[in-house]
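S.K.: Numbering-wise (the numbering used here), the sequence shown opens with residue 15 and increments by one.
Ideal placement from N, C-alpha and C gives every residue a C-beta, glycine not left out.
What you are looking at is a predicted structure, and each value in this text was computed from that prediction instead of being measured.
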Amino acid sequence: MRSGPIAISIAAARPPGLIGLVLCSTFAVSPRPAVTALWSLAKALPPRLAPTVALEHLLLGRFSSNALRSALSAAVRPLSSAVFSARMRAIHGVNVLPKLKSISVPVLYLQATEDRLVPPSCCDLIQRELPAIRVVSVAAPHCLLQAASGDVALAVSTFAEQL
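(1) Roughly how many angstroms separate the alpha carbons of Ala89 and Leu73, rounded to a whole number?
(2) Using DSSP bridges, identify the partner residues of Asn109.
(3) Quick one: Cα of Thr127 to Cα of Glu143, how far?
(4) Is the stretch 93–111 touching the stretch 29–40, taking contact as three or more C-beta pairs under 8 Å?
(5) Less than 8 Å between the beta carbons of Thr40 and Gly18, yes or no?
(6) Is the separation between the beta-carbon of Leu122 and that of Val150 shorter than 8 Å?
(7) Mark Leu168 as exposed unless 16 or more other C-beta atoms lie within 10 angstroms of its C-beta, in which case mark it buried.
(8) Whole angstroms are fine: how far does the CA of Asn80 sit from the CA of Glu175?
As structure tokens, then:
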């Protein structure tokens, strides 16, 4: 499972001391078209053998740089095909949509405007369940935290100041 659905599940349980939730390029229900493409790739070969160009295109897009490519390679290289396949299967079955209604803290959703894996409809669906959610769109790819760290830091600090 991805970190977003895990964070939603934790926030829905209303743990003591939780005062806000930040979601980043994520979903409450599996973004099936993107997952299906990755699932096919995951079955075929270990992630470290996946074409670098394909991974860069999906995760970094036009924001690709030597530093980001190196970081991506370092993150993907150690994954076995079994681990990668298990992650894709977990993503494929995600549905934490009913849990959104139990979230009682302010929520910030950081939306990457050039995300090739998580479509805008994923944010829209979360927003329908949490109308008070604050959505900040950032010109960035799926790897939003790495590619636009300055913009993200500003959005998160502004959100945190309002808690």
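M.R.: Taking the definition as stated:
(1) By 1-based counting over the sequence shown, the position of residue 89 is 75. By 1-based counting over the sequence shown, the position of residue 73 is 59. So the alpha carbons of these two residues sit roughly 12 Å apart.
(2) As a first step, residue 109 must be located in the sequence shown, where it is residue number 95. Answer is Val43.
(3) On the sequence shown, residue 127 is found 113 positions in, with the first residue counted as 1. On the sequence shown, residue 143 is found 129 positions in, with the first residue counted as 1. If I take the Cα positions, the gap works out to 21 Å.
(4) no
(5) Locating residue 40 in the sequence shown gives position 26, counting from the first residue. Locating residue 18 in the sequence shown gives position 4, counting from the first residue. Contact: yes.
(6) Here residue 122 is taken as the residue at index 108 of the sequence shown, counted from 1. Here residue 150 is taken as the residue at index 136 of the sequence shown, counted from 1. The answer is yes: Cβ separation under 8 Å.
(7) The residue labelled residue 168 in the question sits at position 154 within the sequence shown. Its Cβ having fewer than 16 others within 10 Å, Leu168 is exposed.
(8) Stepping through the sequence shown from its first residue, residue 175 is reached at position 161. Stepping through the sequence shown from its first residue, residue 80 is reached at position 66. Going from the Cα of Glu175 to the Cα of Asn80 covers about 34 Å.
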